[in-house]
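In order, the protein sequence lines correspond to chains A and B.
Using my numbering, read the first sequence as starting at 3 and increasing by one per residue.
Using my numbering, read the second sequence as starting at 561 and increasing by one per residue.
Where is the CB? At the ideal position from N, CA and C, for every residue including glycine.
Predicted model only: the values in this text are computed from it and were never measured.
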Amino acid sequence: MSLPSPTAQPAYQPKIIGFLCNWCSYAGADLAGTSRMQYPPNIRIVRVRCSGRVSAELVLKTFHEGADGILVLGCHIGDCHYIDGNHRTSKRIPMLRQLLDYAGIEPERLRLEWVSAAEGDRFARIVGEFTDQIRQIGPIKRVMVT
Amino acid sequence: MDQESLVQALRKAVQELMPQVDGVIALRRVGDAAAAHLYQPGDDLSDLTVAAQFPLPTSVRLIQARYPDKTFGVVVRGCDERQLIELAKRQQINLERLRLIGVACNAEQAQGCKCDLPFPSKLDFGEAVDGVPQDFLDEFLAKSRQERLEFWKHAFSKCLKCYGCRNICPECFCKQCVLEEGLWVKTGAVPPPFPMFHLIRAMHTIGKCIACGECERTCPADIPLTLLYKLLRRDVESVFGYHAGADPNEAPLMDSTIFLADMELLRPSQKG
Chain A
3 MSLPSPTAQP AYQPKIIGFL CNWCSYAGAD LAGTSRMQYP PNIRIVRVRC
53 SGRVSAELVL KTFHEGADGI LVLGCHIGDC HYIDGNHRTS KRIPMLRQLL
103 DYAGIEPERL RLEWVSAAEG DRFARIVGEF TDQIRQIGPI KRVMVT
Chain B
561 MDQESLVQAL RKAVQELMPQ VDGVIALRRV GDAAAAHLYQ PGDDLSDLTV
611 AAQFPLPTSV RLIQARYPDK TFGVVVRGCD ERQLIELAKR QQINLERLRL
661 IGVACNAEQA QGCKCDLPFP SKLDFGEAVD GVPQDFLDEF LAKSRQERLE
711 FWKHAFSKCL KCYGCRNICP ECFCKQCVLE EGLWVKTGAV PPPFPMFHLI
761 RAMHTIGKCI ACGECERTCP ADIPLTLLYK LLRRDVESVF GYHAGADPNE
811 APLMDSTIFL ADMELLRPSQ KG
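Structure representation (structure tokens):
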């Protein structure tokens, strides 16, 4: 596999914010890192205590501040450190996606996935997929500037 | 039964209920309008009326907070009953200390509210009429994504940030409101920057909005807020089977331990 030349880099680099739960997904990302797995550097990771902490206003504010995509990663259902924190996430984020869609913002910019501490490869794959997807959708500026 | 005889029968029922309770909360005719009133034993009931539009549950909540030991009768329409149930789920009112008298709205009133369920589950007076079809939701979704964005940007750009939608909402009872926090909604900015104010509020209505439409009617800028809330409400009903205001023993949806096992159940529209 040959490395792409620096000039072949796509001009647009999406800014992606990842809200990762402390107990599963952050450890999963850590595993991806210590295992030397490759994934795009576009994601900026914010560690949160629980994916249930990621409120609608937090997501909307992050978009408003210029994030092109937001990835919310939490423990699998049943594995939540706080027992049912991610049960709320499982309803809130899909409903927020619906709301974004109704309001005319691409719901694909927001994605929720469950990633355990052992799923470093899954983390790297999700980040790769999501970054490609956001690169295709384009910058959020178009949406947010009034 | 015409409207006049319905009101007559209602006054009679309130009169009969009065000895068993400390008062009855109902609507009272004030000029051409109607407003909430606490009728006490011995009061003249000749101005008691019914009207399609008034956020009565707010009055019930405040009166009950002031007199927690008293028992009140309440004349409820479909929307009032469902709102009271949602408030009771969140410990804002005590249903056990309320005696509800259910009144149906007539077809004309239902049309005025675009109400999809213009009668309470326990109906005492009036005849239940069919709800108004909610076709306008799908008509809105037929727009392209770009059109929807332009639609809401235009609508929200008219916002004066008067907080009328929140203040009138019977389900908005928080003592501290995120819409007043500068962290989320920039202070001193009118209109509030898209998409902060209105989309936050829309998310906070999920699971408790029963689509009474008071927010939209009170809005001085005519922002079609219920359109947005009704779209979310329809998803909540179809995906979670959660009907706001139906069952007082059900846990509030967004705070409950129910989880959405299949996230694909909520599939955003594919239109670009």
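Terminal residues of the continuous alpha helix (DSSP H) containing residue i?
i: R571/B; result: 563–577
i: I95/A; result: 87–105
i: V636/B; result: V636/B -> not in any alpha helix (DSSP H); beta strand (DSSP E) instead, spanning 632–636.
i: V61/A; result: 58–66
i: C725/B; result: 724–728
i: C23/A; result: Looking at the DSSP string, C23/A is not in any alpha helix (DSSP H); the run it does join, the beta strand (DSSP E), is 18–23.
i: R127/A; result: 122–139
i: V145/A; result: 143–146
Let's see if you can read the secondary structure: which residues bound the beta strand (DSSP E) around residue i?
i: W744/B; result: W744/B -> no beta strand (DSSP E), and no H or E assigned at all.
i: E668/B; result: Where E668/B is concerned, there is no enclosing beta strand (DSSP E), although the alpha helix (DSSP H) it sits in stretches over 667–673.
i: C52/A; result: Taken as a continuous stretch (DSSP letters only), C52/A belongs to no beta strand (DSSP E), as it is neither H nor E.
i: V799/B; result: Where V799/B is concerned, there is no enclosing beta strand (DSSP E), although the alpha helix (DSSP H) it sits in stretches over 785–800.
i: E115/A; result: 112–116
i: G74/A; result: Residue identity differs from the one stated: residue 74/A is Val in this sequence, not Gly. First-last of the beta strand (DSSP E) with V74/A: 71–76.
i: L598/B; result: 593–599
i: G662/B; result: 658–662
i: V584/B; result: 583–590
Just the Cα atoms here: how many angstroms apart are residue i and residue j?
i: K831/B; j: A715/B; result: Note that K831/B scores 46 on pLDDT, short of 50, meaning its location in the model is unreliable; the coordinates nonetheless yield the value given after this. Cα to Cα, the separation comes out at about 21 Å.
i: H89/A; j: M823/B; result: 12 Å
i: V635/B; j: L570/B; result: 9 Å
i: K630/B; j: R657/B; result: 7 Å
i: R137/A; j: E110/A; result: 11 Å
i: G691/B; j: Q652/B; result: 28 Å
i: C729/B; j: E740/B; result: 16 Å
i: E547/B; j: S606/B; result: Residue 547/B cannot be examined here, being either before or after the span of chain B that is shown, 561 to 832.
i: T36/A; j: V56/A; result: 26 Å
i: F819/B; j: T765/B; result: 18 Å
i: P752/B; j: Q580/B; result: 49 Å
i: C23/A; j: G742/B; result: 26 Å
i: L98/A; j: R705/B; result: 16 Å
i: A69/A; j: P96/A; result: 18 Å
i: P812/B; j: R589/B; result: 34 Å
i: P592/B; j: Q669/B; result: The question names Pro, but residue 592/B is Asp in the sequence shown. Distance between the alpha carbons of D592/B and Q669/B: 15 Å.
i: D582/B; j: L683/B; result: 22 Å
i: C725/B; j: E776/B; result: 7 Å
i: L566/B; j: Q575/B; result: 14 Å
i: F132/A; j: H803/B; result: 34 Å
i: C675/B; j: P43/A; result: 50 Å
i: S798/B; j: L792/B; result: 10 Å
Going by the beta-carbon positions, is the gap between residue i and residue j smaller than 7 Å?
i: G672/B; j: A612/B; result: yes
i: K768/B; j: L697/B; result: no
i: M835/B; j: P615/B; result: As shown, chain B starts at 561 and ends at 832. That puts residue 835/B outside it, with no answer to give.
i: G71/A; j: P141/A; result: no
i: L2/A; j: V145/A; result: The first residue shown for chain A is 3 and the last is 148, placing residue 2/A beyond what the model contains.
i: Q643/B; j: I770/B; result: yes
i: F65/A; j: V48/A; result: no
i: A29/A; j: A126/A; result: no
i: V584/B; j: G633/B; result: yes
i: G836/B; j: A664/B; result: Residue 836/B cannot be examined here, being either before or after the span of chain B that is shown, 561 to 832.
i: T786/B; j: G773/B; result: yes
i: L62/A; j: L759/B; result: yes
i: D78/A; j: W116/A; result: Rather than Asp, the amino acid found at residue 78/A in this sequence is His. A contact, by the Cβ cut-off of 7 Å.
i: V129/A; j: I45/A; result: yes
i: G122/A; j: M39/A; result: yes
i: G638/B; j: L608/B; result: no
i: E108/A; j: I139/A; result: yes
i: E707/B; j: P680/B; result: no
i: W744/B; j: V738/B; result: yes
Assuming residue i contacts residue j (C-beta within less than 8 Å), just tell me the rounded distance between them.
i: I783/B; j: K721/B; result: So it is not a contact: roughly 11 Å between Cβ atoms.
i: L598/B; j: I623/B; result: 6 Å
i: I645/B; j: P780/B; result: At roughly 30 Å, the Cβ-Cβ gap does not stay under 8 Å, so I645/B and P780/B are not in contact.
i: G87/A; j: C52/A; result: 4 Å
i: A58/A; j: M756/B; result: Incorrect: roughly 11 Å between the Cβ atoms, too far for contact.
i: C26/A; j: S118/A; result: 5 Å
i: V610/B; j: L587/B; result: 6 Å
i: D815/B; j: Q100/A; result: Actually they are not in contact, since the Cβ atoms of D815/B and Q100/A sit about 19 Å apart, beyond 8 Å.
Is any non-hydrogen atom of the ligand NAP found closer than 6 Å to the C-beta of residue i, if you look at the structure I gave you?
i: G122/A; result: As presented, the structure is devoid of all ligands, the ligand NAP included, so that no description of it is given.
*asked:* Beta carbons nearer than 8 Å to chain B: which residues of the segment 59–73 of chain A have them?
replied: E59, L62, K63, F65, H66
_Contact set between the segment 745–770 of chain B and chain A, restricted to residues whose Cβ is under 7 Å from the partner_ = P753, F754, P755, M756, L759, I760, A762, M763, I766
*Positions along the segment 620–653 of chain B whose CB lies within less than 8 Å of some CB in chain A*: none
*Which of the residues in the segment 79–91 of chain A, read from start to end, lie with their CB under 7 Å from any CB of chain B?*
Listed in chain order, the positions of the segment 79–91 of chain A with a beta carbon within less than 7 Å of a beta carbon of chain B are I79, D86, H89, R90.
*Give the residues from the segment 32–53 of chain A that approach chain B closer than 8 Å (Cβ to any Cβ), ordered along the chain.*
none
_Residues in the segment 809–822 of chain B having any Cβ partner in chain A nearer than 8 Å_ = L813, M814, D815, S816, T817, I818, F819, L820, A821
_Within 9 Å of chain A by C-beta, residues of the segment 692–716 of chain B in sequence order_ = Residues passing the 9 Å Cβ filter: F700, L701, K703, S704, R705, Q706, E707, R708, L709, E710, F711, W712, K713, F716.
*Residues, ordered as in the chain, of the segment 773–792 of chain B that lie near chain A by beta-carbon distance below 7 Å*: L788, L791, L792
*When you check each C-beta in the segment 110–138 of chain A against every C-beta of chain B, which residues fall closer than 7 Å?*
L114
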